[in-house]
Amino acid sequence: MTHPLHLASLSLREIRLPLREPFRISSGVTTERRILLLTLTDVDGVSVWSECVAGEWPNYSPETIDTAWFALTQWLAPRLLGREVASAADVRRTLDDNIRGHPMAKAALEMGMWALEATRLGRPLAIHIGGTRTQVEAGISMGIQSSPAVLAEKMLAARDAGYARLKCKIAPGYDVPYVAAVREAVGPDVRMSVDANAAYSLSDHAVFTALDALHLLYIEQPLAQDDLVQHAALQVQCKTALCLDESILDESRAADMHQLGSGRVINIKPGRVGGFAASKAIHDLCMARGTPVWCGGMLESGIGRAYNVALASLPGFTLPGDLSPSARYWVEDIVTPEWTMHPNGLVDVPRTQPGLGVAPRRDRIDALTVRETTVRAG
805 MTHPLHLASL
815 SLREIRLPLR
825 EPFRISSGVT
835 TERRILLLTL
845 TDVDGVSVWS
855 ECVAGEWPNY
865 SPETIDTAWF
875 ALTQWLAPRL
885 LGREVASAAD
895 VRRTLDDNIR
905 GHPMAKAALE
915 MGMWALEATR
925 LGRPLAIHIG
935 GTRTQVEAGI
945 SMGIQSSPAV
955 LAEKMLAARD
965 AGYARLKCKI
975 APGYDVPYVA
985 AVREAVGPDV
995 RMSVDANAAY
1005 SLSDHAVFTA
1015 LDALHLLYIE
1025 QPLAQDDLVQ
1035 HAALQVQCKT
1045 ALCLDESILD
1055 ESRAADMHQL
1065 GSGRVINIKP
1075 GRVGGFAASK
1085 AIHDLCMARG
1095 TPVWCGGMLE
1105 SGIGRAYNVA
1115 LASLPGFTLP
1125 GDLSPSARYW
1135 VEDIVTPEWT
1145 MHPNGLVDVP
1155 RTQPGLGVAP
1165 RRDRIDALTV
1175 RETTVRAG
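Using our numbering, the first residue of the sequence shown is number 805, and each one after it goes up by one.
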């Protein structure tokens, strides 16, 4: 039985967390992650942390850390502060009422409310949202590299480290020779995919034909970020499954993908779709249609990773997610224990402690904080 949630304050802070190495995709390079962290505290003093995955620039999404900061403090937090919400499942409806867009800002608050509810009920977050797995498969996402040889060397090391799926970021000029070099290095049986982040068009037929020959799990978001129709035309031409990321904003877009035949796989990023309620709805739709889904990543800290691992423990997440251990991206994470991966590519799902299963390191977070504010009820 759930009890109403009553949020008393919401604290926001921005930290700057340097990446272990630059991460390059088709739309830009990230060397330091500006991360927006939230602390939600209820009227009884129970607190949880969450993370907004919006980036510094509007290259992946129209949202940024700065637009999310404004949306949370001005529009979204006032919707919840000082009022009772029947359950975490009702938060999405409250935040969406007459406020269009801003899914990453909404997700940070909505997912935090799920964690708050789980903590109050003494449940691990994964179990509270319906997760059934005790471990999830981790894949690696490798940014664009300087040469095919460098990419192949790094992917071979990733294979040997045990990652369950190898994903190469691609862009025009950094595609077929790079992916072919990886395939030759790691062998024919390793699960591989590519991610274009909307960098191509239907005129790039030769690229897709060449990628078809490399026996990939899927080609992720090859065409425009808001497109479904041209992806449907491309899927007819490709033997390889198309996986949609940016094009899937909610369950209605997922239904449209199925109707049009725009892809055969969906990457569910809870920040992109607005939180856990939307993620679960897409997951349920795909399970009913027999469509595999997996959990994508947005260079989250260990706090954001906790939410992704919980989501990936749902039964329909049948493909490895972007759930790399902390050491993949950070010299030092902001949680304890840090996220780790077993040699067989599995990450443990926290299922014994209430809430996230990891604890924020306040000393490190304080040292990395560059701004903060608190919004209170009334």
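All residues carry an ideal CB built from backbone N, CA and C; glycine is no exception.
Exclusion of the five residues before and after R1168 leaves I1138 as the residues of its chain whose Cβ lies within less than 6 Å of its Cβ.
The region 1118–1135 makes no contact with the region 1152–1168: fewer than 3 CB pairs, one atom from each, lie closer than 8 Å.
Secondary structure of K910 (DSSP, three-state): helix.
About 7 Å separates the Cβ atoms of E914 and A1081, confirming a contact at the 8 Å cut-off. The beta-bridge partner set that DSSP reports for T1140 consists of A1163. Closest by C-alpha distance to A1000, out of A985, P1026, G991 and A989, is P1026. Counting every other CB atom within 10 Å of its CB across the protein chains shown gives H932 a total of 16 or more, marking it as buried. Scanning the region 1009–1062 from its first residue to its last, the whole alpha helix (DSSP H) runs of 4-plus residues come out as 1009–1016 and 1033–1041. A contact between stretches requires three or more CB pairs, one per stretch, nearer than 8 Å, and the region 808–818 meets this requirement with the region 839–851. Taken in chain order, the complete alpha helix (DSSP H) segments of 4 or more residues contained in the region 878–905 are 881–884 and 895–900. Close CB contacts of S950 within its chain, under the 8 Å cut and outside five residues either way in sequence, are absent. In the three-state scheme derived from DSSP, where H, G and I count as helix and E and B as strand, E825 is classed as strand. Here M1102 carries a coil assignment [DSSP, helix/strand/coil].
Only residues of its own chain outside the window of five on either side were considered, and among them S813 and S815 have a CB closer than 6 Å to the CB of T1178, listed in chain order. By the neighbour-count criterion, in which 16 or more other beta carbons inside 10 Å mark a residue as buried, V954 falls on the exposed side.
The three-state secondary structure of R937, taken from DSSP, is coil.
Separation of Q1029 and T868 (C-alpha to C-alpha, rounded to the nearest whole angstrom) is 16 Å.
L876 is the residue among L876, R837, E836 and L840 whose C-alpha sits nearest the C-alpha of R1180. Counting every other CB atom within 10 Å of its CB across the protein chains shown gives H1035 a total of 16 or more, marking it as buried. Setting aside the 5 residues that flank it on each side, L1020 is surrounded in the same chain by M996, S997, V998 and T1044, each with a C-beta closer than 7 Å to its C-beta; the list follows chain order. A Cβ-Cβ distance of about 5 Å is found for the pair K910 and L899, placing them in contact under the 8 Å criterion. Per the C-alpha coordinates, the member of L1038, T1013 and A962 positioned closest to M1061 is L1038. Counting every other CB atom within 10 Å of its CB across the protein chains shown gives S1130 a total of 16 or more, marking it as buried.
Here A1058 is buried: its Cβ has 16 or more other Cβ atoms, across all protein chains shown, within 10 Å.
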